[in-house]
Structure formats: C-alpha cells, structure tokens
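Colleague:
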Amino acid sequence: MVVLGAGPAGLVLGNILVDRGIDCVVLERAERAHVETRARAGFLAPETVRILDRHGLSEGLHRRGRLHGTCEFRTEDGRFRLDYSGLGQREQHTVYPQQELVTDLLARFLSRGGRIRFGTEAVAVRGADGERPEVAVREADGRPGAWRARYVAGCDGRHGAARRSLPAGAVRHHRDHGVTWLGLLAEAPTSLDAVGYAVHERGFAGHMARTSEVTRYYLQCERGTEADAWSDERIWDELDLRMRARDYGPLRRGRVAERSVVGLESDVLEPLRHGALFLVGDAAALISPSAAKGANLAVLGAELLARALTDDLTTGNSEGLDAYSARCLTHVWRAQEFSHWMIGLLHGPSGTDGESLFLNSLRRSRLTSLRTSLSRQNWFAEHYVGV
Ligand code: FAS
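In this note's numbering, each number is its position in the sequence shown, counted from 1, plus 22.
1) Please state if the CB of residue 222 and the CB of residue 275 are separated by a distance shorter than 9 Å.
2) In whole angstroms, what separates the C-alpha of residue 173 from that of residue 186?
3) Taking 8 Å as the threshold, find out whether the region 73-82 comes into contact with the region 379-389 through three or more Cβ pairs.
4) Between the Cα of residue 29 and those of 100, 282, 125, spot the shortest distance and give me the residue it belongs to.
5) Cβ of residue 179 within 8 Å of any heavy atom in the ligand FAS?
6) Report all residues from its chain with a CB closer than 6 Å to the CB of residue 78; omit the five preceding and five following residues, and keep chain order.
7) Among the residues of its own chain, which have a CB less than 6 Å from the CB of residue 107, if the five just before and after it don't count?
8) Restricting to Cα atoms, I'd like to know which of 162, 151, 226 is closest to residue 190.
9) Under 8 Å: does the beta carbon of residue 309 sit that close to some heavy atom of the ligand ZN?
10) State the Cα-Cα distance for the pair residue 409 and residue 27, rounded to the nearest angstrom.
11) Let me know the secondary structure DSSP gives residue 70 once reduced to three states.
12) Taking 6 Å as the limit between beta carbons, can you name the residues of its chain near residue 333, skipping five residues before and five after?
13) For residue 244, count the other beta carbons within 10 Å of its own beta carbon; 16 or more makes it buried, fewer makes it exposed. Which is it?
14) Report the option in 283, 354, 140 whose CA atom is closest to the CA atom of residue 316.
15) Take residue 73 and list the residues in its own chain whose beta-carbon comes closer than 6 Å to its own, dropping the five residues that flank it on each side.
16) Could you give the first and the last residue of the continuous alpha helix (DSSP H) run that contains residue 413?
17) What does the Cβ neighbour count give for residue 337, buried or exposed, with the cut at 16 atoms within 10 Å?
18) Sort 200, 157, 311 by Cα distance to residue 50 and report the nearest one.
19) Please confirm if the region 129-141 is in contact with the region 294-302, defined as three or more CB-CB distances below 8 Å between the two stretches.
20) Return the chain-ordered ranges of every alpha helix (DSSP H) run that is complete within the region 132-157 and spans a minimum of 4 residues.
21) Does at least one heavy atom of the ligand FAS sit under 8 Å from the Cβ of residue 242?
22) Between the alpha carbons of residue 55 and residue 148, how many angstroms are there, rounded?
23) Would you kindly check if the distance between the Cβ of residue 199 and the Cβ of residue 282 is under 9 Å?
24) Can you check which of these residues, 179, 207, 31, is closest to residue 231 by C-alpha distance?
25) Quick one, which of 362, 215, 165, 375 has its alpha-carbon nearest residue 196's?
26) Is the beta carbon of residue 318 sitting closer than 9 Å to the one on residue 67?
27) Using DSSP with H/G/I as helix, E/B as strand and the rest coil, what is residue 333?
28) From the DSSP output, read off the bridge partner residues of residue 282.
29) Below 8 Å, is the gap between the Cβ of residue 282 and the nearest heavy atom of the ligand FAS?
30) Between the alpha carbons of residue 101 and residue 262, how many angstroms are there, rounded?
31) Are the beta-carbon atoms of residue 95 and residue 392 separated by less than 9 Å?
32) Is DSSP giving residue 274 helix, strand or coil here?
33) Buried or exposed for residue 193, going by 16 or more other Cβ atoms inside 10 Å?
34) Do residue 249 and residue 204 have their beta-carbon atoms positioned less than 9 Å apart in this structure?
35) For the ligand FAS, I want to know if residue 113 counts as a neighbour, meaning its beta carbon is within less than 8 Å of at least one of the ligand's heavy atoms.
36) For residue 224, collect the residues of the same chain with a Cβ closer than 7 Å to its Cβ; drop the 5 residues on either side in sequence, then sort them by chain order.
Here it is as structure tokens:
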C-alpha cells in the first residue's frame with residue numbers, strides 16, 4: 023500500500039492500516055518540520071473525535087483540545103449568539119490545531135512501525151487500472167525513483183500527483199464562490215468566547231479560536247490581494263470596524279504571525295476510485311473553510327477507505343472498496359451543501375444592481391430566520407457540527 027501525503031487523510035489512513043498489520047509506506051514531499059508546523063484547520067467535529075478515539079489517535083486532543091459550542095453573529099441588524107451545543111444533536115467542536123493533530127498522528131504512526139519517506143515527491147501514478155500500479159517519484163536527493171503496491175491512496179491534496187494522474191473522463195465539479203479571504207493567525211488570545219461571524223457592508227470578518235495564545239481571523243478582501251499588502255494596524259482597524267468593536271468591545275490585538283490569501287472555491291471529483299487508485303481528503307474534494315469541514319472530511323474518508331482496504335487485503339472481500347466512492351461522496355456533498363449555504367449567509371454582493379440587492383436581502387432573511395426560528399437553529403447546529 024502506498025499513501026501519498028502526510029496530512030490528516032494520509033496519516034489517519036496509515037495509522038489504521040499499520041495497526042491492522044497492513045504494510046504501507048507514506049510518501050511526503052515536504053520535510054517533517056514543515057508538516058508538523060503547517061497551521062490550517064482547528065475545529066474538529068465530534069464524529070472526527072470518535073474516529074480518532076476508535077483508533078487510539080486522540081490522546082493529544084483530549085489533553086490539550088478545548089470544547090467549543092457557541093457562534094456569535096454580528097450584522098447590520100444587531101448581534102445574536104447561538105449556543106449550538108444545546109441544539110440539534112447537542113454536540114460541540116473540539117478546538118485543536120491541525121498541526122498538533124498531524125504531529126500526534128505522525129508520532130503514533132512511527133511508533134507503530136509505520137514507514138514514511140519525507141522529501142519524496144510523487145510525480146505520477148501509473149498503471150492504476152492494473153494489479154501493481156507504480157508511483158513515480160522524485161527522491162529527496164533529486165533522483166527519479168518508483169514504488170509499486172497493490173493499491174495507492176491519493177491523500178496529497180488538491181495539487182498532488184494523484185489528481186494529475188486521473189484517467190480521461192474523471193469528472194470534476196467546480197465552483198468558484200467569488201469570495202476571497204485574507205486568512206490570519208494573530209499572536210493574541212481570543213476576543214470572544216465564541217466563533218465570531220461578522221457581516222458588514224465592507225465585507226465579512228471571522229474570528230476562530232486556535233490556542234490560548236493564537237487566534238485565527240479572516241477578512242474578506244478583493245480578489246488578487248497580496249497577503250502582505252495590509253499592515254498589522256490596517257488589519258486590526260478593519261477587523262474592529264467589521265466586528266463592530268465600538269458596540270461590542272475591542273478585539274485583543276497582537277502580532278499578525280501568519281497570512282494567507284484563500285480564494286473560496288469548492289470542487290468534487292467523481293468517482294473517487296480509479297482502479298487501484300483512491301482519492302481521500304482534499305485530493306477527493308476541496309471545500310471552502312467557511313464551515314470548517316475540510317480536515318473533518320479528510321479523517322472520515324480515511325477511516326472509510328482503511329476499513330475497505332483491510333477487508334479486501336485480509337479477507338478478499340472487496341465490497342467496501344467497490345462502495346468507497348459512493349459512501350464518501352454522500353458525506354462530501356452534504357458538507358458541500360452546508361458550506362455553500364454558509365457562504366451565502368456570510369457574504370453578500372456590494373453592488374446596488376437588482377441582483378445584488380436581491381441576494382443581500384436573501385442573506386439578511388437567512389440570518390433573521392437563524393436568529394428567530396428554533397427549527398432553523400436545530401438544523402444549523404446539526405449541520406455545523408456534523409460531518
Ligand atoms: P493536506 O493538504 O492537509 O495534506 C496533503 C499532504 O500531501 C501535504 O503534506 C503535502 O505536502 C503532501 N503532498 C502534496 N503533493 C504531494 C506529492 N506530489 N507527493 C508527496 N506528497 C505531496 N479545514 C477545516 O476543517 N477547518 C478549518 O478551519 C480550515 N482552515 C483552513 C485554512 C487554510 C489557510 C487552509 C489552506 C485550509 C484550511 N482547511 C480547514 C482545510 C484543510 O485543513 C484541509 O481540508 C486538510 O488539510 C485536508 O487534509 P488532507 O486531505 O490530508 O490534505
């Protein structure tokens with residue numbers, strides 16, 4: 023078994039396979055230090071925690087993670103809070119930075135005898151329609167190399183080799199949501215005891231806990247904005263403005279330690295299986311960070327595939343593998359649908375043409391029904407926390 027990529031998908035898959043005695047090697051193009059420090063997601067769904075619990079991978083998150091169950095919306099129609107932990111399935115997120123989870127997964131994988139090759143970039147997957155596909159790689163010393171296995175799991179993200187190796191005819195559903203966020207990591211404690219969503223005529227702003235000293239913020243910006251274009255002071259002044267600090271209290275400022283520009287896009291590849299090649303996580307489907315689903319879908323897909331591979335390789339029962347794509351896509355599309363709804367809830371066009379006015383009125387109506395309707399709030403909680 024060859025697994026491409028040491029992100030959440032590849033490392034959860036690798037841990038479960040090694041735990042079940044299935045020989046697998048993870049090929050990762052980055053160095054270990056980069057993999058263990060790359061800050062991305064931070065909100066783990068309860069189902070994700072249950073999966074990690076089942077496979078003995080959750081010790082770190084239970085020790086250092088924090089439960090989180092409240093959203094606060096700040097809009098032109100005022101402020102309201104949703105305690106989603108008391109709604110829907112009555113569940114909460116666990117706030118645990120993705121880089122800490124990946125570090126835990128990596129340590130566990132190696133302690134279980136898992137093999138990983140850092141600095142090894144997969145270039146292409148060949149012969150996926152055969153019995154022994156080959157993964158062509160560029161070894162750490164730049165030399166070409168090749169790995170063969172019965173199966174290959176493409177856990178190498180949206181720009182990886184697995185996607186590049188798909189046969190003609192693979193379908194890609196794609197949507198550019200036309201929204202761009204400046205993703206920020208601030209060396210400052212949280213300013214709210216909730217996930218903050220601010221909807222302002224100047225654009226969206228978001229606030230999400232990461233650790234007790236670091237908070238993630240998002241600022242909607244123009245497409246084409248350079249990550250370093252805004253000074254720290256301009257970022258904080260704009261966040262204050264959009265989060266209505268004057269009405270609801272100042273934000274706790276600090277150095278902006280990391281910036282990234284994220285164009286909100288979504289895509290889904292279908293099917294997720296091409297012979298002996300399987301796609302998992304972002305390699306299978308990219309989802310906008312608006313609803314904090316990406317890393318959670320990666321873990322869910324990894325367990326689905328690990329179970330199917332185990333059945334096939336230990337008992338010869340290939341039903342799970344045959345069903346993997348359809349099962350995984352059911353979860354993917356449900357998450358995509360909610361994520362799409364969230365984008366419409368938090369962003370409205372700024373124009374004064376009829377279409378923009380109509381879409382903005384829809385947005386305000388969605389927020390009003392979320393503020394006033396218990397059934398809508400239960401629906402929101404179930405989908406916001408669910409995967
Ligand atoms: P990953 O991209 O995490 O891992 C892929 C791995 O493959 C990487 O280590 C890469 O180095 C390696 N790789 C790539 N090409 C390769 C090749 N050719 N050969 C070998 N290795 C290769 N999701 C959430 O749920 N909540 C959030 O709040 C959130 N915030 C985000 C913020 C930002 C700025 C970004 C960019 C993403 C965010 N995401 C969030 C989404 C993100 O967390 C992904 O969904 C998650 O990392 C997906 O995990 P993987 O599928 O394992 O892919």
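Ideal Cβ placement from N, Cα and C applies to all residues, glycine included.
Modeller: According to the structure shown:
1) no
2) 17 Å
3) Verdict: no, contact absent.
4) 125
5) yes
6) none
7) 91, 114
8) 151
9) Absence of the ligand ZN is noted for the structure shown, with the ligand FAS being the only ligands found.
10) 22 Å
11) helix
12) 339, 342
13) By the neighbour-count rule (16 or more Cβ atoms within 10 Å), residue 244 is not buried but exposed.
14) 354
15) Contacts found: 321, 325.
16) Outside the shown range of the chain (23 to 409) lies residue 413, about which nothing can therefore be said.
17) exposed
18) 157
19) no
20) none
21) Result no, Cβ not under 8 Å from the ligand FAS.
22) When the Cα atoms are used, residue 55 and residue 148 turn out to be separated by approximately 29 Å.
23) no
24) 207
25) 362
26) yes
27) Residue 333 falls in the helix class under three-state DSSP.
28) Answer is 205.
29) yes
30) 15 Å
31) yes
32) coil
33) exposed
34) yes
35) Here the distance from the Cβ of residue 113 to the nearest heavy atom of the ligand FAS is not below 8 Å.
36) 263, 264
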